[in-house]
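Read the structure below first, then the notes.
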């Protein structure tokens, strides 16, 4: 009896493993139709875990300051250490720097969520792979936050940068003021303001129909780069780190799905006979719908 039971258990396990491989193989060949409640739960849980892990990292002030000195020294050696000049110059224009403070505090989340919603509604066939790129990028960033605590320029000892949120008393940022007590101040490398904004910008550039909208997609990460430097929240090297994380996110997704995230059809043919309302099928304006 025991041998029979063991055999039955083994057969069940084998069938389960086969079913899992089949399901993974199907997902690699074609996207799974996104389900609203699942996606909302996934995004909510993921952001909660992101905040939990990011803010649970030991802040290690001495090491973070040492890393900031190293980064600043490297930039000086390369002749690209212009952050302080930009920070002081833009800070002298009150209306501009105040606007940048609010931009830094809010648009990071608004734009990312907005692009996810747009993808879900208008490009459901490309949603899963594109969302996976974003999740992998963020996961890699958490590793960077943990192993490489870095003081941002505004907190750098003897850096002589202006903390623009503190000086102008703007609201909404966890970078300074009361919010600083509940946020890891040394989670600066890599910059997810750049990683997320570049993801948004590329998604809009590759998938939007109108030329001027695609152009705005490229403007957004460029504007974000100017903002993070002007507000002294990041070094140039942090931005490079964010871009590298995004590149790895795209490559990992490419390996899993055997195609780039934007190369999936807007609406897979297998969804056409579901009887559900689907957006009008449109090819990507720059060929993202082909292999």
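Residue numbers (this note's numbering): 40 to 330.
Cβ coordinates follow ideal geometry from the N, Cα and C atoms, glycine included.
- In this chain, the alpha helix (DSSP H) harbouring residue 140 covers 133-141.
- 169 is the residue among 267, 104, 169 whose C-alpha sits nearest the C-alpha of residue 301.
- In this structure, DSSP gives residue 272 a state outside helix and strand, which the three-state scheme calls coil.
- The C-beta of residue 201 has 16 or more other C-beta atoms within 10 Å across all chains shown, which makes the residue buried.
- Counting every other CB atom within 10 Å of its CB across the protein chains shown gives residue 180 a total of 16 or more, marking it as buried.
- Counting along the chain, the unbroken alpha helix (DSSP H) around residue 234 starts and ends at 231-246.
- Residue 79 has its alpha-carbon roughly 28 Å from the corresponding atom of residue 258.
- Annotation: the continuous alpha helix (DSSP H) that includes residue 158 extends over 147-161.
- Under a 10 Å Cβ-count criterion, residue 91 is classified as exposed, with fewer than 16 other Cβ atoms of the shown protein chains found around its own Cβ.
- Per DSSP, residue 130 is one residue of the alpha helix (DSSP H) stretching across 122-130.
- In the structure shown, the three-state DSSP call for residue 281 is helix.
- Taking each of 304, 81, 110, 77 in turn and checking the Cα distance to residue 198, the smallest one comes out for 110.
- Taking C-beta separations shorter than 8 Å and ignoring five residues to either side along the sequence, the partners of residue 267 in its chain run 143, 230, 232, 233, 273, 277, 278, following chain order.
- Proximity to residue 305 across 166, 194, 104 peaks at 166, based on C-alpha coordinates.
- In its chain, beyond the 5 residues on either side, no residue has a beta carbon closer than 6 Å to the beta carbon of residue 255.
- Take the alpha-carbon of residue 108 and the one of residue 118: they are about 15 Å apart.
- Boundaries of the alpha helix (DSSP H) around residue 203: 203-207.
- Taking residue 164 as the centre and dropping the five residues before and after it, the same chain places the C-beta of 70, 303, 304, 305, 306, 307 closer than 6 Å to its C-beta, in chain order.
- Per DSSP, the unbroken alpha helix (DSSP H) holding residue 104 starts and ends at 100-117.
- Distance from the CA atom of residue 208 to the CA atom of residue 132, rounded to whole angstroms, is 15 Å.
- An exposed status is given to residue 261, since fewer than 16 other beta-carbon atoms sit within 10 Å of its beta-carbon.
- Rounded to whole angstroms, residue 293 and residue 129 show a C-alpha spacing of 40 Å.
- Between residue 103 and residue 189, the C-beta gap is smaller than 8 Å, which places the two residues in contact.
- Taking all protein chains shown into account, residue 86 has fewer than 16 neighbouring C-beta atoms within 10 Å of its C-beta and is therefore exposed.
- Between residue 282 and residue 237, the alpha-carbon positions lie close to 7 Å from each other.
- When only Cα atoms are considered, residue 241 and residue 252 end up about 11 Å apart.
- Residues of the same chain with a CB within less than 7 Å of the CB of residue 135, apart from the 5 flanking positions on each side, are 129 in chain order.
- About 6 Å separates the beta carbon of residue 269 from that of residue 126, a gap short enough to meet the 8 Å contact definition.
- DSSP places residue 225 in the coil class of the three-state scheme, outside both helix and strand.
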